[in-house]
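For the record, in the sequence shown the residue sitting at position 67 is 508 according to this note's numbering, with numbers rising by one throughout.
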Amino acid sequence: MRKTVVFVTHDIDEAVTVGDRICLMKMQAQIAQYDTPERIVIHPASEYVSEFLGRERLARRMSVVRIDPKTLEHPDGGPARDEPRVPLSSSLTDALAAALTSPTERAAVFDGDRYLGDFTATSLLESLRRASAEGGIPDAAGV
Numbered sequence: 442m443r444k445t446v447v448f449v450t451h452d453i454d455e456a457v458t459v460g461d462r463i464c465l466m467k468m469q470a471q472i473a474q475y476d477t478p479e480r481i482v483i484h485p486a487s488e489y490v491s492e493f494l495g496r497e498r499l500a501r502r503m504s505v506v507r508i509d510p511k512t513l514e515h516p517d518g519g520p521a522r523d524e525p526r527v528p529l530s531s532s533l534t535d536a537l538a539a540a541l542t543s544p545t546e547r548a549a550v551f552d553g554d555r556y557l558g559d560f561t562a563t564s565l566l567e568s569l570r571r572a573s574a575e576g577g578i579p580d581a582a583g584v
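Next comes the structure, spelled out in structure tokens:
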């Protein structure tokens, strides 16, 4: 059974977290943007939407964009033993947090039991660039 639930909030972080679709409204009930959380955060439709998202927009982008497997590094010998492991489905925020706890400043990315490569600061930047250029979340299914 499919259901539609309308949830009204003034907290964009809450909307991004719980919503499948977000309708950002201006005064006089004008729709500023109606889209997925990912597209609103990555591609605001107007200056009004950008200002509503605020200076924390980068952090919000990192929370909705997933690791892009095409951006991973492939060190000889695979991951270091003390490297934290993260699933491919991780957000960039989670992957960066894991990498920052590692002495190597990397996190080993796995799809199930399969090692795909290492997430690094370069992976973070490239994943954000690719998501912006492609207009959304990288498709991990093609890995």
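Ideal Cβ positions, reconstructed from N, Cα and C, are used throughout, including at glycine. Keep in mind it's a predicted model, so treat the numbers as computed, not measured.
Runs of beta strand (DSSP E) lying entirely within the segment 479–558, each at least 3 residues, in chain order: Within the segment 479–558, the complete beta strand (DSSP E) runs of at least 3 residues are 526–528, 548–552.
Could you check what DSSP says for residue 595 in three-state terms: helix, strand or coil? Here the chain has residues from 442 to 584 only, and residue 595 is not among them.
Applying the 10 Å Cβ sphere with the 16-neighbour rule, what's the burial state of residue 530? Position 89 of the sequence shown, counted from the first residue, corresponds to residue 530. So residue 530 counts as exposed.
Do three or more CB pairs link the segment 510–520 to the segment 488–499 at distances below 8 Å? no
With burial defined as no fewer than 16 other Cβ atoms inside 10 Å of the residue's Cβ, what is the status of residue 472: buried or exposed? Residue 472 sits at position 31 when you count from the first residue of the sequence shown. That one is exposed.
Work out the CA separation of residue 482 and residue 464 for me, nearest whole Å. Here residue 464 corresponds to residue number 23 of the sequence shown, with the count starting at 1. Here residue 482 corresponds to residue number 41 of the sequence shown, with the count starting at 1. Cα to Cα, the separation comes out at about 12 Å.
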